[in-house]
Structures are given as C-alpha cells and as structure tokens.
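What follows is a short report on a single structure.
Number of protein chains: 2
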Amino acid sequence: MVHRLREVLLLFSFLAILPKATGVEAYSRGGVIQESAAYCLSWRLAVEANNVRAWRTVPSQCLRYVETYMLGGQYDRDLDLIVDQILSYVNEIVPSSDGMDAWILDVDDTCISNVFYYRGKRYGCDPYDPAGFRAWALKGGCPAIPAVLGLFDYLVQSGFKVFLVTGRDKEALGQVTIDNLHIQGFIGYERIILRTAEFIGQSAVAYKSEIRRQLEKEGYRIWGNVGDQWSDLQGECLGNRTFKLPNPMYFVP
Amino acid sequence: MVHRLREVLLLFSFLAILPKATGVEAYSRGGVIQESAAYCLSWRLAVEANNVRAWRTVPSQCLRYVETYMLGGQYDRDLDLIVDQILSYVNEIVPSSDGMDAWILDVDDTCISNVFYYRGKRYGCDPYDPAGFRAWALKGGCPAIPAVLGLFDYLVQSGFKVFLVTGRDKEALGQVTIDNLHIQGFIGYERIILRTAEFIGQSAVAYKSEIRRQLEKEGYRIWGNVGDQWSDLQGECLGNRTFKLPNPMYFVP
Chain A
140 MVHRLREVLL LFSFLAILPK ATGVEAYSRG GVIQESAAYC LSWRLAVEAN
190 NVRAWRTVPS QCLRYVETYM LGGQYDRDLD LIVDQILSYV NEIVPSSDGM
240 DAWILDVDDT CISNVFYYRG KRYGCDPYDP AGFRAWALKG GCPAIPAVLG
290 LFDYLVQSGF KVFLVTGRDK EALGQVTIDN LHIQGFIGYE RIILRTAEFI
340 GQSAVAYKSE IRRQLEKEGY RIWGNVGDQW SDLQGECLGN RTFKLPNPMY
390 FVP
Chain B
140 MVHRLREVLL LFSFLAILPK ATGVEAYSRG GVIQESAAYC LSWRLAVEAN
190 NVRAWRTVPS QCLRYVETYM LGGQYDRDLD LIVDQILSYV NEIVPSSDGM
240 DAWILDVDDT CISNVFYYRG KRYGCDPYDP AGFRAWALKG GCPAIPAVLG
290 LFDYLVQSGF KVFLVTGRDK EALGQVTIDN LHIQGFIGYE RIILRTAEFI
340 GQSAVAYKSE IRRQLEKEGY RIWGNVGDQW SDLQGECLGN RTFKLPNPMY
390 FVP
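Same order as they appear, the protein sequences are chains A and B.
Be aware that the first sequence starts at 140, since it is given in our numbering, and climbs by one per residue.
Be aware that the second sequence starts at 140, since it is given in our numbering, and climbs by one per residue.
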C-alpha cells in the first residue's frame with residue numbers, strides 16, 4: 140500500500156515535469172513553467188552513452204528527474220532489460236570444464252545500491268563527499284540490486300567463476316563490504332578484490348585493468364564485465380563483452 | 140502553424156503512451172492498456188549504451204515511440220546536448236600550425252538524415268532493405284542534421300581538417316553523396332572517403348579502422364570521431380575522443 144502510494148505520488152511529480160518532454164512548452168496546473176525533464180533525459184542518455192564525461196554533479200535542475208528515475212520504476216526497468224541481454228549472451232556460452240570461465244562484476248551500484256545514501260546528497264546534485272560515503276559504507280546496509288543478484292546467482296549456478304572487483308579501500312571497508320554482500324545474498328563468488336595500498340591514488344581504469352590483467356595471467360577467460368561506470372569497462376583486458384548499468388548519480392574517473 | 144499543430148498532435152500521441160513510463164500501469168481515456176513506452180525507453184537507452192548489439196529491427200511495439208522520439212523534438216535535443224559537449228571539448232584543443240589536426244565524421248545519420256526514408260520502413264521495425272536504401276540514397280535528398288552542420292562549420296572554421304568517412308559504396312553512390320552533402324551545406328571538408336572495392340564485405344569496424352590507420356600514417360592527429368553507430372567508434376586508431384550520436388532506427392555491424 141505504501142509502495143502503491145509512493146508510485147502514485149511519483150506519478151504526479153513525473154506528470155508535472157512531462158510536457159516539456161513532448162517538445163511543447165507548457166505550464167503546470169499551478170502556472171509554474173515546467174522543469175526541463177526533456178533536458179534531463181538528454182543528459183542522462185549522454186551520460187550512459189559516455190558522451191558526457193568527468194562530470195562532478197548532476198545538473199541541479201535534474202534533481203527531481205533523477206529521483207523519479209531512480210525510485211519510480213524506470214531504473215529498475217532499464218536494469219531488467221540489460222540483465223535480459225546479459226542472460227541471452229550467457230546462454231550462448233558453453234563453459235569449459237577447466238573452471239576458468241570468469242565474469243567480473245563491480246560492487247557499488249552494480250551488486251548493491253547506494254541510492255538511499257544519494258537521496259541525502261540530492262541524488263548527486265551535491266558534490267562527492269568521501270567522508271560521508273565512507274560513513275555510509277561502514278554501516279554495511281546497502282541493499283542488493285535485485286536484477287543483478289538474480290544474474291549473479293545464475294552465473295554461479297551456471298559454473299562461472301564470479302569476481303567482484305571494487306575500488307573500495309580494503310583496509311577500511313573490506314570486512315564490512317564482505318558482510319554487506321553476504322547478508323544481501325551474494326554468496327558463492329570466487330573472490331572479492333578490493334583496493335589495496337599499492338593501488339591507492341590510481342584511477343579506476345588503471346586499477347581495474349591491472350586486476351583483470353592478473354586474472355587473465357592466472358588463466359581466467361573473462362566472458363563478461365558488468366559495471367555502472369564506464370571506468371569499469373575501459374582500459375585493458377576488458378573481457379569478451381562489457382555491459383554498462385545505468386547510474387545518473389555520480390561519475391568515477 | 141503546421142509545425143505547431145504537429146507538435147500538439149505529437150504531444151497527444153506521446154501523452155497516450157506516457158503513464159507506463161511512470162511506473163504505474165494505467166489505462167488511456169479510451170480504456171486501452173497503454174503501450175510500453177517505458178520498455179521502449181529502456182530499449183533505446185540500452186542501444187545507445189551499446190548493451191543491445193547486433194539488433195536487426197526495432198521492437199514492433201516501439202514503432203510509435205521511435206517516431207515520436209525522432210520527430211517530436213527529443214532526438215534534436217539529444218543532438219544539441221551532445222554537440223554542446225563536443226564544442227566544449229573542441230574549445231580545449233589548441234590546433235597546431237602544421238594543418239594536421241583532424242576530426243572524423245560519419246555521413247549517414249551523422250551529417251545527413253535518413254529519417255524520411257525510415258518513415259517508410261516503419262522507423263526500423265521493417266528489416267534492412269539494401270535495394271530500397273540505395274534507391275533512396277541515389278535521390279541525393281537527405282537533409283542536413285542542423286546541429287551537426289553547425290559543428291562541421293565550427294570545426295572547419297577552427298582550422299581542423301574534417302574527414303567524412305562513410306560505408307557507402309564509392310562507385311554506386313560517390314557522386315550523388317558528394318552532391319547531396321554539398322547542397323546541404325557541407326562545404327570545406329578535407330576529404331570524403333567512401334567504400335572502395337577492396338573494402339566491400341568488410342565490417343564497418345574493420346573498414347573504418349583501416350581508413351583511420353591510413354590517416355594517422357599520413358600524420359593526422361585524430362582529435363575526435365563522431366558517428367551514430369558504435370561501429371564508427373570501435374576498433375583501432377579511434378581518435379582522442381569519440382562521440383555517439385543517437386540512432387534508434389538501425390544497427391550497422
């Protein structure tokens with residue numbers, strides 16, 4: 140019931156910003172010029188297609204748009220469609236019996252969600268707050284992203300070795316992250332790889348490329364690589380296919 | 140006035156498919172269950188983020204969605220935002236005096252539009268029709284895409300050498316393509332490169348990679364590479380930055 144009410148409220152807030160999306164300037168019932176949902180849709184698309192890069196904050200006029208996107212159902216639908224694509228691809232692969240068929244999954248906003256943290260950061264309209272994020276992560280309360288948990292289970296059951304590769308600091312956040320993932324149902328992965336001292340200060344592209352290179356050196360065949368940041372999916376040893384999950388809240392270089 | 144009327148009609152057709160986009164299943168005033176605009180938005184996003192690949196046709200339930208997207212203003216807005224991003228990037232580059240600073244632009248649905256052809260192909264819900272497309276291209280009537288023409292002019296005036304690189308067959312379509320571009324205002328480019336006999340049958344990725352390799356061999360520095368297909372932007376010698384323009388109507392492998 141609460142869920143339904145939330146959907147209805149979101150429907151109204153969404154309808155209030157919709158007419159602009161049609162190409163017609165319009166006024167709301169209250170007489171206020173509509174917010175630029177059409178602009179925010181263009182911005183979100185450009186982020187996902189990697190045309191907008193190195194952005195520091197969500198454009199302030201897109202606060203309500205991003206909130207509605209994340210909580211109103213479209214984010215979940217986008218994930219469902221991408222996971223369907225991944226599963227179609229997975230089902231074309233015949234895993235070998237040597238146990239070296241691997242997938243790589245990012246952690247934050249790939250396996251588990253930070254949307255409730257970002258709600259307090261105006262969905263990314265506020266600049267990145269390292270101390271605030273660390274305090275949130277230390278609580279270990281990130282919920283699973285259901286579509287990705289389903290994918291994870293399917294990969295494990297299909298005989299793939301799943302590696303969780305995250306830029307989170309191992310010393311400060313290692314145990315809490317492992318516990319958080321476990322309690323949310325991510326059980327059966329081969330290894331979780333967190334950022335150790337030698338990689339501190341490196342870009343995500345450099346750090347994750349090096350991790351993937353080491354895995355390939357160990358003999359793993361990386362069939363797929365899934366992340367919410369382009370920096371998860373660029374650099375070296377990318378894997379046979381990459382999949383970009385949506386994230387309109389922050390950019391990791 | 141006609142333009143305004145078209146906008147209003149599109150507004151109504153858009154509103155008719157909107158409620159689904161809000162996460163609430165709803166009925167139109169006529170009592171018919173809403174079409175899946177939310178699904179089609181997810182699909183379009185996944186195409187642009189290169190998560191959906193090698194697709195042959197637009198999902199048939201997305202015919203009206205793609206029509207509204209292409210003609211109702213959002214496609215133009217998406218282009219405007221991307222071109223703004225490109226211009227910001229261009230303005231950070233200081234061209235050298237040696238005349239070797241280059242940009243690469245694709246032609247079809249980058250410089251000039253095929254949307255009126257695809258209108259007759261149910262906006263890509265019908266499968267690719269090589270003979271039909273050739274007959275359309277031979278008319279030489281593709282209109283310029285205004286945002287990209289503006290970008291093109293800016294690049295030329297800024298001292299960049301602009302190369303138009305297209306998979307169109309040189310023998311059959313060379314002259315008509317050159318004339319089409321000229322009449323639409325694409326004047327001042329360094330060279331147009333069409334597909335010659337040696338490249339027939341090659342994938343766009345292989346063909347365009349080889350062309351870019353040759354340009355780099357000639358000494359050109361490719362600062363940017365703009366296309367509506369991921370196959371324009373993958374492979375070798377990609378350039379310093381790539382920009383993916385939207386195209387939900389067809390996929391070129």
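Glycine included, C-beta positions come from ideal geometry on N, C-alpha and C.
Computed from a predicted model, the values in this text were never measured in an experiment.
Helix, strand or coil at residue i according to DSSP, with G and I counted as helix
i         : result
Lys356(A) : helix
Gly289(B) : helix
Gly306(B) : strand
Ala188(A) : coil
Val254(A) : helix
Asp223(A) : helix
Lys347(B) : helix
Lys300(B) : strand
Leu333(A) : strand
Phe390(B) : coil
Pro269(A) : helix
Tyr262(A) : helix
Lys278(B) : helix
Outcome for residue i when other beta-carbon atoms lying within 10 angstroms are tallied against a minimum of 16
i         : result
Ser235(B) : exposed
Glu187(B) : buried
Gly366(A) : buried
Gln314(A) : exposed
Thr316(A) : buried
Leu218(A) : buried
Gln296(B) : exposed
Gly211(A) : buried
Tyr267(A) : exposed
Asn230(A) : exposed
Val246(B) : buried
Arg273(B) : exposed
Ser227(B) : exposed
Ala176(A) : buried
Phe291(B) : buried
Arg216(B) : buried
Tyr166(A) : Its pLDDT being 38, under 50, Tyr166(A) is placed unreliably in this model, and the value from its coordinates should be taken loosely. Burial call: exposed.
Per DSSP, the bridge partner or partners of residue i
i         : result
Gly363(A) : Trp242(A), Arg380(A)
Val197(A) : Its beta-bridge partners do not exist; DSSP assigns none.
Asp247(B) : Ile251(B)
Ala283(A) : Ile251(A)
Beta carbon proximity, residue i to chain A, threshold 8 Å
i         : result
Ile284(B) : no
Trp362(B) : no
Asn386(B) : no
Ser252(B) : no
Val197(B) : no
Val191(B) : yes
Asp248(B) : no
Ser181(B) : yes
Gln224(B) : yes
Lys309(B) : no
Phe338(B) : no
Gln213(B) : yes
Phe299(B) : no
Arg258(B) : no
is_contact[residue i, chain B] using C-beta, thresh 8 Å
i         : result
Ile221(A) : yes
Arg216(A) : yes
Ala188(A) : yes
Leu437(A) : The requested residue 437(A) does not occur in the structure, where chain A is confined to residues 140 to 392.
Tyr262(A) : no
Phe255(A) : no
Phe291(A) : no
Own chain, CB closer than 8 Å to residue i, minus 5 neighbours either side, in chain order
i         : result
Glu329(B) : Ala241, Lys300, Val301, Phe302
Ile361(B) : Ala241, Trp242, Ile243, Arg351, Leu354, Glu355, Cys376, Leu377, Gly378, Asn379
Ala283(A) : Cys250, Ile251, Ser252, Gln323, Gly324, Phe325
Ile339(A) : Asp308
Ala185(A) : Val191
Val287(A) : Leu218, Val222, Leu244, Thr249, Cys250, Val365, Leu384
6 Å Cβ shell around residue i - same chain, five flanking residues per side excluded
i         : result
Gln373(B) : Val344
Trp369(B) : Asn189
Cys179(B) : Cys201, Tyr204
Tyr208(A) : Tyr214
Gly363(B) : Trp242, Gly378, Arg380
Gly358(A) : Met239
7 Å Cβ shell around residue i - same chain, five flanking residues per side excluded
i         : result
Ser348(B) : Gly374, Glu375, Cys376
Val197(B) : Val205, Tyr262, Gly263, Cys264, Pro387, Met388
Gly238(B) : Lys300
Asp318(B) : Gly279
Ile221(A) : Phe382, Leu384
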